[in-house]
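Peer 1: Residue numbers (my numbering): 259 to 748.
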Ligand code: PNW
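Next up, the structure:
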């Protein structure tokens, strides 16, 4: 699977995808390098061995036209049947950890504890045991968007019942795997769950409830996360000694007019909506959200805010419910206050009241939202360091999309410049302990199907064996891991 073994290569830096070093190019001693995937995007075996349907199974089957290439994750890159091949790759890359997600519908096919499915459990036991036997630390995401259909029938993340269902699922994971899994992530990217799912209806469950369903979803995720955290701390951590956090995504925001208020507003609405309640000293939703969504709600003739109220009990319960902050960073935007109201009324966009633009000089990836902005990554890490008292940050995703060429020089530039941003932030005092590249493999990129490739390894989707091939970026990443240094030659 490894190409280029006998060639020596060097980084060919893409224009406008570079960042200058502030200090040492060496990573800290215990820094952990890994790569990330998620269940629906790689596993396949969508109904194998008793697995139940998730909202992504249902959506791709019922509505294939919504996927760019009309594909789905039924087989994907078939990791459900080919983990041994994946393991070879994890070993050859010399990764310290592997971030993967567990499919709720393999453990509880209909989401409920009563439907427990041993074969699904066996699959993850095998993965975890083999990772540990090879000294690769498992980092497990409990929820990466594949909600059991039966829980969606109850309203999914808009029904507070999700708190109980999720916690019961999480508890089963602690019982089954907690003797060996020491790094837990409750949710992947609440923003990408709640906005496309319950605001704009771009992704399952495709509910259009702007400014209402989205805020309910955030609130219930916060509560489910905190309940899971406290359950772990009260019942499992003493024996299992693991750590638990949540992963959030955000753009970083840059103000052309150097207006820190605009940057802060962008950050609080995009990131603070989850992070503030968990990681800030004050807790609860950010003040700017409470104030502005409250004001808009009154103007619409309501007597209460569309942003649910977190009372003193929940505020205190959610605040501090973390061992680390999981961060997914891809790209940045310029921000300014718009001259006219944005979006429909009501909506998150109307409440947000920020116009986001990009720069024609930024190098663009295959994904229409993705530009290489390493200064934004460094700026974001500084913002987090200052806003949340230098919390421990694990970068749980960072990566680049293209057409899939094995000579993926732009991806090499992206990784080089973004790892430079990590080094610069560490130099300035950030407490960053881990980095996961997104993604180990080209995989099912949600609504874009298999048309946008994020992998360090290509996958032959025409072959039933789904052979994997290392790209140039894989070789580069391996060299960095070996040298524990941001090298130029590899
Ligand atoms: C992440 N955005 O999603 C997900 O965690 C992955 O499953 C996904 O494959 C990867 O990024 C690449 O898209 C995001 O538009 C999707 O800001 C879109 C955005 C951010 C994250």
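Glycine residues also receive a C-beta, built at the ideal position from the N, C-alpha and C atoms.
Tell me whether the stretch 593-612 and the stretch 523-541 touch, counting them as touching only if at least three CB pairs, one residue from each stretch, are closer than 8 Å.
Peer 2: Short answer: they touch.
Peer 1: Find out if the Cβ-Cβ distance for the pair residue 404, residue 312 is shorter than 9 Å.
Peer 2: Residue mapping note: residue 404 aligns to position 146 of the chain shown, counting from 1. Residue mapping note: residue 312 aligns to position 54 of the chain shown, counting from 1. Yes, they are a contact pair.
Peer 1: I'd like the ranges of any alpha helix (DSSP H) spanning at least 4 consecutive residues and lying wholly in the stretch 302-335.
Peer 2: As far as the stretch 302-335 is concerned, its whole alpha helix (DSSP H) runs of at least 4 residues are 313-320.
Peer 1: In whole angstroms, what separates the C-alpha of residue 648 from that of residue 533?
Peer 2: The residue you call residue 648 lines up with position 390 of the chain shown. The residue you call residue 533 lines up with position 275 of the chain shown. Between residue 648 and residue 533, the C-alpha separation is close to 13 Å.
Peer 1: Following a CB-centred definition, is residue 471 positioned closer than 8 Å to any heavy atom of the ligand PNW?
Peer 2: Counting from one through the chain shown, the residue named residue 471 turns up at place 213. Answer for residue 471: no, Cβ out of range of the ligand PNW.
Peer 1: Confirm the yes/no value for this check: CB of residue 704, any heavy atom of the ligand PNW, distance under 8 Å.
Peer 2: Numbered from 1 along the chain shown, position 446 holds the residue referred to as residue 704. True, at least one ligand heavy atom lies under 8 Å from that Cβ.
Peer 1: Let me check you understand the geometry: is the CB of residue 476 closer than 8 Å to at least one non-hydrogen atom of the ligand PNW?
Peer 2: As a first step, residue 476 must be located in the chain shown, where it is residue number 218. Checking the Cβ of residue 476 against the ligand PNW gives no.
Peer 1: Tell me the rounded alpha-carbon separation between residue 701 and residue 296.
Peer 2: Position 443 of the chain shown, counted from the start, is the residue given in the question as residue 701. Position 38 of the chain shown, counted from the start, is the residue given in the question as residue 296. Looking at the two C-alpha atoms, the distance is approximately 9 Å.
Peer 1: Please report the residue range of the beta strand (DSSP E) in which residue 653 lies.
Peer 2: Reading the chain shown from its first residue, position 395 is the one you call residue 653. 651-655 is the extent of the beta strand (DSSP E) around residue 653.
Peer 1: Going residue by residue through the stretch 459-496, where are the continuous alpha helix (DSSP H) segments of at least 4 residues, counting only ones entirely within it?
Peer 2: Listed in chain order, the complete alpha helix (DSSP H) runs (minimum 4 residues) inside the stretch 459-496 are 471-489.
Peer 1: Please go through the same chain and pick out, in chain order, the residues whose beta-carbon is closer than 6 Å to the beta-carbon of residue 428, but skip the five residues on each side of it.
Peer 2: Locating residue 428 in the chain shown gives position 170, where the first residue counts as 1. These residues qualify, in order along the chain: 400, 486.
Peer 1: Relative to the C-alpha of residue 479, which candidate in 502, 435, 414 has its C-alpha closest?
Peer 2: Walking along the chain shown from the start, residue 479 turns up at place 221. For residue 479, the nearest C-alpha among the options comes from 414.
Peer 1: Could you have a look at residue 400 and say whether DSSP puts it in helix, strand or coil?
Peer 2: The count along the chain shown starts at 1 and reaches residue 400 at position 142. Here residue 400 sits in strand by DSSP.
Peer 1: Can you say whether residue 387 is buried or exposed, counting buried as having 16 or more other CB atoms within 10 angstroms of its CB?
Peer 2: For this step, residue 387 is matched to residue 129 along the chain shown. Exposed.
Peer 1: Indicate, with yes or no, if the ligand PNW has a heavy atom lying under 8 Å from the CB of residue 747.
Peer 2: Along the chain shown, one-based indexing puts residue 747 at 489. Residue 747: no, Cβ never under 8 Å from the ligand PNW.
Peer 1: Any idea what DSSP makes of residue 624, helix, strand or coil?
Peer 2: For the purposes of this step, residue 624 is taken as the residue at position 366 of the chain shown. Here residue 624 sits in coil by DSSP.
Peer 1: Are there any heavy atoms of the ligand PNW lying less than 8 Å away from the beta-carbon of residue 655, as far as the coordinates show?
Peer 2: Position 397 of the chain shown, counting from 1, holds the residue named residue 655. Because some heavy atom of the ligand PNW lies under 8 Å away, the Cβ of residue 655 counts as near it: yes.
Peer 1: When you compare only the Cα positions, how much space is there between residue 590 and residue 637?
Peer 2: Within the chain shown, residue 590 is the residue found at index 332, counting from 1. Within the chain shown, residue 637 is the residue found at index 379, counting from 1. Rounded to whole angstroms, residue 590 to residue 637 spans 10 Å at the Cα level.
Peer 1: Any idea which residues DSSP pairs residue 716 with across the strands?
Peer 2: Within the chain shown, numbered from 1, the residue matching residue 716 stands at position 458. Answer is 727.
Peer 1: Checking 9 Å against the spacing of the C-beta atoms, do residue 602 and residue 463 come in under that value?
Peer 2: Translated into the one-based positions of the chain shown, residue 602 becomes position 344. Translated into the one-based positions of the chain shown, residue 463 becomes position 205. No, these two residues do not count as a Cβ contact at 9 Å.
Peer 1: Anyone know if the C-beta pair for residue 394 and residue 355 falls short of 9 Å?
Peer 2: The residue given as residue 394 occupies position 136 in the chain shown. The residue given as residue 355 occupies position 97 in the chain shown. Closer than 9 Å, so yes.
Peer 1: I'd like the list of long-range same chain contacts for residue 452, defined as Cβ closer than 6 Å, with 5 residues on each side in sequence excluded.
Peer 2: In the chain shown, counting from the first residue as 1, residue 452 sits at position 194. Counting only Cβ-Cβ distances below 6 Å, and skipping sequence neighbours, we find 472, 475, 476.
Peer 1: Under 9 Å between the Cβ atoms of residue 576 and residue 568?
Peer 2: Residue 576 sits at position 318 when you count from the first residue of the chain shown. Residue 568 sits at position 310 when you count from the first residue of the chain shown. Yes, they are a contact pair.
Peer 1: What is the DSSP secondary structure of residue 577, counted as helix, strand or coil?
Peer 2: Mapped onto the chain shown, residue 577 falls at position 319. Residue state, collapsed to three classes: coil.
Peer 1: For the stretch 342-374, which segments carrying the alpha helix (DSSP H) assignment without a break, of at least 4 residues, lie completely within its bounds, in sequence order?
Peer 2: Correct list: 362-365.
Peer 1: Can you tell which of 610, 588, 592, 587 has the C-alpha that lies nearest to the C-alpha of residue 598?
Peer 2: Position 340 of the chain shown, counted from the first residue, corresponds to residue 598. Of the candidates 610, 588, 592, 587, the one whose C-alpha sits nearest the C-alpha of residue 598 is 610.
Peer 1: Considering just the uninterrupted stretch of the beta strand (DSSP E) at residue 586, what are its terminal residues?
Peer 2: Locating residue 586 in the chain shown gives position 328, counting from the first residue. 582-586 is the span of the beta strand (DSSP E), which, as asked, contains residue 586.
Peer 1: Roughly how many angstroms separate the alpha carbons of residue 522 and residue 416, rounded to a whole number?
Peer 2: As a working mapping, residue 522 is identified with position 264 in the chain shown. As a working mapping, residue 416 is identified with position 158 in the chain shown. When rounded, the distance between both Cα atoms is 27 Å.
Peer 1: The ligand PNW heavy atoms versus the CB of residue 510: any closer than 8 Å?
Peer 2: For the purposes of this step, residue 510 is taken as residue 252 along the chain shown, with counting starting at 1. No, the beta carbon of residue 510 sits no closer than 8 Å to any heavy atom of the ligand PNW.
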